[in-house]
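Which chain is which? The protein sequence lines are P and F, in order. Converting from the first sequence to this note's numbering requires adding 13 to each position, the first position being numbered 1. Converting from the second sequence to this note's numbering requires adding 389 to each position, the first position being numbered 1. Glycine residues also receive a C-beta, built at the ideal position from the N, C-alpha and C atoms.
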Amino acid sequence: MSRYTAITEANLDAMLAAIGVGSVREMFDRQIPAGVRLGRPLDLPEGLGEQEVYAHLRDLAARNSSVEDELSFLGAGMYDHYVPALIDMLTERSEFLTPYTPYQPEISQGGLQVMFEYQTAISELTGLPVSNASVYEGPSAVAAAGYLAKLHNGRRRFVVSAGLHPHAIETLRTHAHGYGMEVVEVPLSDGATDPGEWARAIDGDTSAAIFAQPNFYGAVEDAEALSAAARDAGGEAGGGGSPGAGAGAAGGRPLVICQVDPIPLGILKPPGECGVDVAVGEGQPLGNRLDFGGPSFGLFAAREEYLRRMPGRIAGETVDADGRRGFVLTLQTREQHIRREKATSNICTAQALNALAGVVYLAWLGRAGIVELGELLLARTHYARETLAGLDGVEKLHERPVIREFAVRLDADVGAVIRRCLKDGVNPGVDLQALTGRAQDAGGLLVAITERRSRADIDRLAQVLGGAVAAERDPAVADEAVTA
Amino acid sequence: MSAGAVAEGPAIPAREARTIFQKGAPGRRAFVCPSLDVPETDAEELLPARFRRAEPPRLPEVSEPEIVRHYVGISKRNFDLDSGFYPLGSCTMKHNPRMHERVAALPGHSRLHPLQRPERAQGALELMWNLQSALSEISGLPYVSLQPSAGSHGELAGVLLTRAYHEDRGETRHKVLIPDTAHGTNPATVTMAGMEVVKLATDAAGGVDVDDLRAKCGPDAACLMLTNPNTLGLFDPNIEEIAAIVHGVGATLYYDGANLNAVMGLSRPGDMGFDIVHFNLHKSFTQPHGGGGPGSGPIAVSERIAPFLPRPLVVRRERPHRNGGASAPGDEHDRGEIPRANGHSPAALSRTFVYDLEYDRPKSIGRLRGFQGNYGCLVRAYAYICSLGADGLKDASEVAVLNANYLLARLSEQGVAEHLPLAYGQLCMHEFVLSGGPMKRGLGLKTLDLAKRLLDFGYHPPTVYFPLLVDEALMIEPTETETKETLDGFADAIAAILKEAAEDPEIARNAPYSTPVRRLDEVAAAKRPVIRQALD
C-alpha cells in the first residue's frame, strides 16, 4: 500500500480471488508481453512524506524572486495585478477544483453556469456577441483564431502586425506551418502598425489580418482604421468597409483578428465596435496568478456568423424535463469527440478553473471598477512614462497613447542596466531586444504599471533606473559610487 | 433591499438559476480602487475620445458578500471528485492531494513572473529540469518538453514533430494511421496539422488489426498514433510487431499518454518502440481537472525527434569555474537531482549546476504557446512524483489495474453480465468497456438511462458511447485511490438499477430525480443557441 491507495492485505486476497488470478504480477504478465515489461524499478528516488515534499518545494520556491521579493515592473503579456482573496477561496473549493469537464449536465450546473456567465462577461468586454468558455492561453488563442479564418475563407496567408506579442507571432507560425499557411509580418512606424504597409500586405489571398490592441510596445492602435483597411484591401464583396457586413461565401474577405488585453478594455473602444471579427487574448490579468507563465486562460470571442466554427467548449441555456432553466455544453458537433477529423479544433481540456477566476474577478471589479482601474492605470502609466523620459539617457520609444505598459529606449546596455537595478531591489522591466530578437529593439525597455505600483514605487524606479543608466554611460561614476 | 427586488420581479421563480448578471443593484460594488496619486492630466491627452469606449461594459454590480454567496451557491450544483466516486473512463479521476495546492500557492512559485531572468528563477527551472528527468525515466524516452498546455496540445506537438522530422529528411509524408478506438483528439489533431487520417480496424481481440496495418502502412505513412493500453483498456499484445512494421517503413510511432496510469513503472512507451509520448499531468499526475482544465501535456521523445522539440527547452549546465571557464557541455540531459529520502539534496549540490532556458534550437518546430508551459501544473505533478517515488508510482498503476479488474469481476456476476457484457478481452488494464447492447434489447434501457439513474445513487457515471465501435458503450475507470468498499457499492448500484429496470424500466428512463435539474433539452440548446445572459 502506498500514498493515496487503500488496499489492505485482506482486500487484496479477496480481490484477487474474485478476479481469478493468483497475484497482481500474474494479472500484468498475462497482458503485457515479456519483451516490453520493465523488469526493474524506475530509477527515481523513494517517495517522501508530506512534510518532506513541502520542505523541498519550499526550498525551490525560495530560490525564485517573485513579485513579492522585488519591486517588479515586468509585464509583456502577464501582469502583477492584485488577485482578491475570494478568488483563492472559490477556486480551491472542491466543487470547482475537482470535477471533470461537465459531460453530465444534471450534476454540473455550477460549472456550466460559470461558463455561461464567463461567456457573458467576455462578450460584454469585447463587444462581440459570442464567446467560448476559454482556450489555453493568449498566443495559442491567436493561432486558434487563425485556424478559424482558414476554415472560414480557405485563403492562404496571414498578415500579422509586428505589434503582436512575439510569442503570439511565433506560436502562429508554428501552428500555421502545420495547416499550410504563410505568415507575413507588417512593421511598425512610430510605435504602431504602419498603415501603408498594412494595406499593401493585405490582398485577395489574405485569410486573416491580425493586430494587437494595445500592441506589444504598449501603444494604442487605431483599431478602426486597421480593420477598415483590412476589409478594403482584402477584397470584401462590394468593396465596402462597413463593420458587421456578412462574410458571404467562402473566399469573401480576410477576417480581422485582434489580440486584446482585457484590463484596458474597461476604457478602450471594444473590438466589436471597431470592425473586428474575432478577438482573442491572454486572460491572466483577470484574477489569475503569474505562475511563471501558466496556467491561465485564453479568451476567444467573435461575431455571430463564426459561432459554429469556434474552438472549445460553449455553454448554452436550455430547460430541463420540468421546464426549469438549466445549462448544457452546446454546439458539440463542432468538437473533436463528435466530429473527429472534421472538428473545428482538437481542444478537449481547456482552462475552466482559470476562466472561473476570470469571471469572479470581473464581477469583483464590477461595472464601475473596471473603468476606475483603467483610468488609474492610464494616469499612472502616463506619469511613469513622462518621469522616465525625463531621465538622462532615457527616451520614449513612441508618442502614442499608452495604458498599462510603455517602452523606452536607453542609451546604455539594457541587460547591464537591469542587473544594476536588481542590486537595488528593482526589476525595471523587460529587455525588449532579448525577447523580440529585433535589431530595432536594441536599447528597448518595456515597463508595466499595475495598480500595485504606486507613485512612490514609480519614483523609486526612476531614481534607480536613472542611476543605473548614468553608471552604465559613465563607468567612472559607478566606481565613485562604489567607493563613496 | 434585495428581498424587495425579488418580490417585485415575478419573471424568475425563486428556485430558478439566476446568473450573477441578474443579481445586485446599480451602484453596488466590491472593488475599492486605489486613489489617484499622480498629477491629474487632461483625459483627451491621455487617451483621445476616438479610442475610448462610450459606455462601460455591463459587468455585474454586486457586493463581495453577494459574489461569495452566489458562487458558493452554484458550486453546490456541481458533483465533484471530493464528494464521490467518479469512474469516468479515460479521464483518470484519481484523488487530488491538497498538499499540491499548498505548495503550488507558495509565492515563490505562484507569483513568479514568466519573464523573470533565469538566474532569479533557478528554483523553478530546477523543478522543471527534475520533472523532465522523471518523465523521461517513466516514459523511457530521453528528451522532454514541458510546454504543451494539455493532452491535445501535446498531440499537436507530436504530429508537428513528426512532420518536421520527415521534412528534415526531405520526405513528404501525409498519412497518419489511427485505430478506430482512438480518442477524438487524435484525428482532430491530424487535420489541424495539415495531415490526412487513415483509419485502422480493430481485430477480434480488441487490438490493432495487424493485417490492416500492414496493408495501409506504406512509404507514405508518416506516423501511427496509438494509445496503449487502448481505449478498450487492453494492452496490445502485438505491440512489438506493430512497432516493427511502423519503423520498417520509416514512420514514427506516437503514444497517446491518456492511459499511462496503467503502466507506470511496469512498461515504458520508449521500450515499446514509441518515438513520441504525451503525458496528461491532469490524469496520471493528479493536477485537479478544474471542471475542464487547466491541464498540462508534456511530451517525451526519442533521440531522432529531439532536434525538433518546441523552444525554449529547460537545460542544465555545470556552473562555470571562478576563473571564468566556459560551461561544460555534454551533461545537459543527465538525471535531475530529486531529493532522496532521509537526506535532501544538499544545497551544495544545487549550486553545482545552473539552469537555463535554451532558445537557440535551429531545427525546432517553434513555440506552441507563450512562455514556458503551465508551470503551476508542473509544480503539482512534481510534488506527486516526489511523494510517490519509484515504488509508489508502480504501486499506483498496480492498484489501478487491480481495482479495474476487481470491479470488472463484480460486474461479471450473474444479474449484471447478461445485460452488460465485457466488450473485448477477459482481463483489463486500468479501465474496461462494457456493452449496453443486451441491456437495451432485453430491458429497454439505453446506456444513457443507466448513466442518468446512477446520478440518483450518488455516482458520476462512466464515460458513455465511447469508444465508438462498442454498441451502447460504457467505459469504466475506477483508479487506484478508491477503496474496495466504494467499488462494491458501485457494483451493487448497477445491479440494483438493472433489477429495478426489469420490473419498471420507466424509472431509469426518466432519471435522474435527485439532481439540481432533471434531464436537459440539449437539442433545443443547439437549435437556437443562447450562450450569454441577455441584459437590459
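Contacting residues, own chain, Cβ-Cβ under 8 angstroms from residue i (five flanking each side not counted)
i                      : result
residue 831 of chain F : 807 and 808
residue 499 of chain F : 493 and 765
residue 418 of chain F : 450, 451 and 452
residue 392 of chain F : Only weak support is given to the placement of residue 392 of chain F: the predicted model assigns it a pLDDT of 40, under 50, and the question is left unresolved by the model.
residue 482 of chain F : 470, 475, 476, 678, 849, 866 and 868
residue 790 of chain F : 651, 817, 818 and 819
residue 454 of chain F : none
Under the three-state DSSP convention, the category residue i falls into
i                      : result
residue 612 of chain F : strand
residue 665 of chain F : strand
residue 131 of chain P : helix
residue 900 of chain F : coil
residue 361 of chain P : coil
residue 592 of chain F : coil
residue 925 of chain F : coil
residue 32 of chain P  : helix
residue 333 of chain P : strand
residue 321 of chain P : helix
residue 830 of chain F : helix
residue 353 of chain P : helix
residue 398 of chain F : Reliability fails at residue 398 of chain F, whose pLDDT of 49 lies under 50, so the model's placement of it is uncertain and no value is given.
Enclosing beta strand (DSSP E) for residue i [first to last residue]
i                      : result
residue 564 of chain F : 564-568
residue 836 of chain F : Note, residue 836 of chain F: premise wrong, no beta strand (DSSP E); alpha helix (DSSP H) at 836-845.
residue 271 of chain P : 268-273
residue 604 of chain F : Unbroken run through residue 604 of chain F is the alpha helix (DSSP H), 599-605; no beta strand (DSSP E).
residue 450 of chain F : It is not in any beta strand (DSSP E) - residue 450 of chain F carries neither H nor E in the DSSP assignment.
residue 927 of chain F : Since the first residue of chain F shown is 390 and the last is 925, residue 927 of chain F is not available in this structure.
residue 422 of chain P : 418-423
residue 909 of chain F : Run containing residue 909 of chain F: none; DSSP gives neither H nor E here.
Contact set for residue i: own chain, Cβ-Cβ below 6 angstroms, skip 5 residues either direction
i                      : result
residue 323 of chain P : 145
residue 263 of chain P : Note that residue 263 of chain P scores a pLDDT of 43, beneath 50, so its modelled location is shaky; the value from the coordinates is reported in the next line. Excluding positions up to five away in sequence, the list reads 166 and 167.
residue 854 of chain F : 862
residue 745 of chain F : 507 and 704
residue 796 of chain F : 867 and 876
Where the alpha helix (DSSP H) through residue i begins and ends
i                      : result
residue 824 of chain F : First-last for residue 824 of chain F: 821-824, but that is the beta strand (DSSP E), not the alpha helix (DSSP H).
residue 434 of chain P : 427-436
residue 548 of chain F : 540-557
residue 642 of chain F : Looking at the DSSP string, residue 642 of chain F is not in any alpha helix (DSSP H); the run it does join, the beta strand (DSSP E), is 641-646.
residue 879 of chain F : 873-892
residue 771 of chain F : 764-800
residue 38 of chain P  : 37-42
Spatial neighbours of residue i in its chain, beta-carbon cut-off 7 angstroms, leaving aside the 5 residues before and after
i                      : result
residue 794 of chain F : 816 and 817
residue 926 of chain F : No information on residue 926 of chain F is available, as it lies outside the stretch 390 to 925 that chain F covers here.
residue 871 of chain F : 474 and 792
residue 529 of chain F : 657, 658, 659 and 660
residue 409 of chain P : 398, 402 and 421
residue 163 of chain P : 192, 194 and 220
residue 34 of chain P  : 40
Closer than 7 angstroms: residue i CB and nearest the ligand ATP heavy atom
i                      : result
residue 565 of chain F : No copy of the ligand ATP appears in this structure; indeed no ligand is present at all.
Of the residues that make up the segment 320-336 of chain P, which ones have a beta carbon closer than 8 angstroms to any beta carbon in chain F? Residues of the segment 320-336 of chain P with a Cβ closer than 8 angstroms to any Cβ of chain F, in chain order: 320, 326, 327, 328, 329, 330, 331, 332, 333, 334 and 335.
Can you give me, in chain order, the residues of the segment 149-166 of chain P that have a beta carbon less than 8 angstroms from any beta carbon in chain F? Correct list: 149, 150, 151, 152, 153 and 160.
Can you give me, in chain order, the residues of the segment 749-769 of chain F that have a beta carbon less than 8 angstroms from any beta carbon in chain P? Those residues of the segment 749-769 of chain F placed with their C-beta closer than 8 angstroms to a C-beta in chain P are 754, 755, 756, 757, 758, 759, 760, 761, 762, 763, 764, 765, 766 and 768, ordered along the chain.
Which whole runs of the beta strand (DSSP E) in the segment 467-538 of chain F are 3 residues long or more, in chain order? Here the runs fully enclosed are 532-534.
Complete beta strand (DSSP E) runs within the segment 166-242 of chain P (minimum length 3 residues, chain order): Note on the segment 166-242 of chain P: whole beta strand (DSSP E) runs with a minimum of 3 residues are 170-174, 195-199 and 219-226, in chain order.
Quick one: complete alpha helix (DSSP H) runs, 4+ long, within the segment 63-87 of chain P? Annotation note: the segment 63-87 of chain P contains the following uninterrupted alpha helix (DSSP H) runs of length 4 or greater, listed N- to C-terminal: 63-75.
Against chain P: residues of the segment 669-698 of chain F by CB proximity under 7 angstroms: For the segment 669-698 of chain F, which is checked against every Cβ of chain P, the residues closer than 7 angstroms are 671, 677, 678, 679, 680, 681, 682, 683 and 684.
With 9 angstroms as the limit, tell me which residues of the segment 360-378 of chain P have their beta carbon closer than that to any beta carbon of chain F; keep them in chain order. Residues passing the 9 angstroms Cβ filter: 360, 361, 362, 363, 364, 365, 366, 367, 368, 369, 372, 373, 375, 376, 377 and 378.
Restricting to runs no shorter than 3 residues, where is the beta strand (DSSP E) found entirely within the segment 379-415 of chain P? For the segment 379-415 of chain P, the full-length beta strand (DSSP E) segments reaching 3 residues or more read 407-409 along the chain.
Interfacial residues, the segment 34-65 of chain P to chain F, with Cβ spacing under 7 angstroms: Listed by position along the chain: 37, 40, 41, 43, 44, 45, 46, 48, 49, 50, 51, 54, 55, 56, 57, 58, 59, 60, 61 and 63.
Using a Cβ-Cβ cut-off of less than 7 angstroms, list which residues of the segment 605-639 of chain F approach chain P; keep chain order. Per Cβ criterion, the list reads 624, 626, 628 and 629.
Mind listing which residues of the segment 181-197 of chain P have their C-beta closer than 8 angstroms to chain F's C-betas, in chain order? The residues in question are 181, 183, 184, 186, 187, 188, 190, 191, 192 and 193.
Which runs of the alpha helix (DSSP H) spanning at least 4 residues fall entirely within the segment 460-488 of chain P, listed in chain order? Taken in chain order, the complete alpha helix (DSSP H) segments of 4 residues or longer contained in the segment 460-488 of chain P are 468-486.
Got a sec: which bits of the segment 127-142 of chain P sit with their beta carbon under 9 angstroms from any beta carbon on chain F, in order along the chain? Per Cβ criterion, the list reads 127, 128, 129, 130, 132, 133, 134, 135, 136, 137, 138, 139, 140 and 142.
Proximal residues, the segment 545-557 of chain F versus chain P, C-beta separation under 8 angstroms: Contact annotation: in the segment 545-557 of chain F, residues whose CB is within less than 8 angstroms of a CB in chain P are 545, 548, 549 and 552.
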